[in-house]
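Report on one structure; see the data block that follows.
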Amino acid sequence: MIKELANQINQVLIGKEEIVKNVLVCLLSGGHVLLEDVPGVGKTTLAKALAKSIDSSFGRIQFTPDTLPGDILGMNIYNSKKQEFEYKPGIISNQLILADEINRTSPKTQSALLEAMAEGQTTIDGKIYTLPDPFMVIATQNPIEFMGTYPLPEAQLDRFMMKLSIGYPNEESEIKMAENFTKGNSLEEIKPVCTTKDIIKAKKDVEKIHISKELIAYARSIIDLTRTEEKISLGASPRALLNLIRASQALAYINGRDFVKPDDIKEVAVYVLHHRVILSSEAKISRENVDELLTWLIGKADVPTDK
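Below is the structure:
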């Protein structure tokens, strides 16, 4: 099922198999994804293709400076006939949410997603509403250097399991994409390859993937290195450790194994940690590369011999 799901999305987002795999890792882990890249590289296409492939409800909201929390969460509206307030759900009631250009809206509106992403629920006027399962936010943002953007606060960044960058396609992939474009809208041809019930079952199976105490300690040692490295002023949080463990379980599941290997942790670690660490002032001045620094730290951690 997962292989068919990946193959179908790869027919739309051509030449980005690694990105698609990591998005599926987040889906099976119950996590959320932040896609940071320049406009026009396929961020929206990826989200729509995934929603259609798993037959989920889909909601898209374009964030702007005047977007309000109520536009996301919904609000209570007075019904004059019933003489009572009724809750009108917002875009958040869908199973897969595309939060497009999330850093173009105000911090107040950005924070409206915090409870939903962390706890799978929203609170409106003191009443709790449970969100559907599966529930996933795919947020896109322009690079911070673009005008009219609000950097996401650390608390919100920590809610995302991974931060990914699609990047420009290579020559072969871009030509193939253009050829497909001339033949029609490839998104329209996407049919569901599974249901949301299948995804829910797969998520439960992921939770059962065995990860030894030694590997948990190994993952924790990587997290600890981010907290003690002098080039990093803010290390990864405990939530990062939990996300790293679950993501490695999901990757093992995708690879057809019922146990986690050290390589699974290594493969997802940079994507899980990239947005959770803040470089020191000296490192920023020296133009240190976050991914290269994290890769070096991961290499320093002692790899256990047992799986």
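Reading the sequence shown from the start, the letters are residues -10 to 296 in this note's numbering. Don't be surprised by glycine CBs; every beta carbon is placed ideally from N, CA and C. Keep in mind it's a predicted model, so treat the numbers as computed, not measured.
Here residue 39 really is in contact with residue -2; their C-beta atoms are around 6 Å apart, less than 8 Å. Check the Cα spacing between residue 260 and each of 250, 272, 233, 239: the tightest is with 233. As for any beta strand (DSSP E) of minimum length 3 sitting wholly inside the region 107 to 133, the runs are 110 to 113, 116 to 119, 125 to 130, ordered along the chain. DSSP lists 51 as the beta-bridge partner residues of residue 89. Judged by pairs of C-beta atoms under 8 Å, the region 197 to 212 touches the region 230 to 249, as three or more such pairs exist. Residue -9 places its beta carbon 8 Å or farther from that of residue 155. For residue 73, the secondary structure class from DSSP, reduced to helix, strand or coil, is strand. Distance from the CA atom of residue 186 to the CA atom of residue 275, rounded to whole angstroms, is 49 Å. At a Cβ-Cβ threshold of 8 Å, residue 266 and residue 214 do not count as neighbours.
Taking the C-beta atoms as reference points, residue 13 is found nearer than 8 Å to residue 243. When the five nearest sequence neighbours on each side are left out, the beta carbons in the same chain lying within less than 6 Å of the beta carbon of residue 182 are those of -7, -6, -3, 42, in order along the chain. Look at residue 149 here: in three-state DSSP terms it is coil, with no helix or strand label. The alpha-carbon separation between residue 79 and residue 217 amounts to approximately 42 Å. At the C-beta level, residue 84 and residue 52 stay beyond 8 Å of one another.
Looking at the DSSP output, residue 67 sits in a beta bridge with 74. Contact between residue 65 and residue 76 is confirmed by a C-beta separation of about 5 Å, below the 8 Å threshold. In terms of Cα proximity to residue 1, the closest of 172, 197, 90, 63 is 172.
As a beta-bridge residue in DSSP terms, residue 22 pairs with 127, 151.
Under the DSSP assignment, residue 205 falls in the alpha helix (DSSP H) whose first and last residues are 202 to 217. Ranking 113, 239, 283 by CA distance to the CA of residue 193 puts 239 first. The three-state reading of DSSP puts residue 230 in helix, counting H, G and I together.
Residue 80 sits in a helix when the DSSP states are folded into three classes. Excluding its 5 nearest sequence neighbours in each direction, residue 126 has C-beta neighbours in its own chain below 7 Å: 21, 86, 88, 102, 106, listed in chain order.
For residue 138, the closest C-alpha among the options 184, 119, 175, 55 is that of 55. Annotated three-state conformation of residue 223 is strand, per DSSP.
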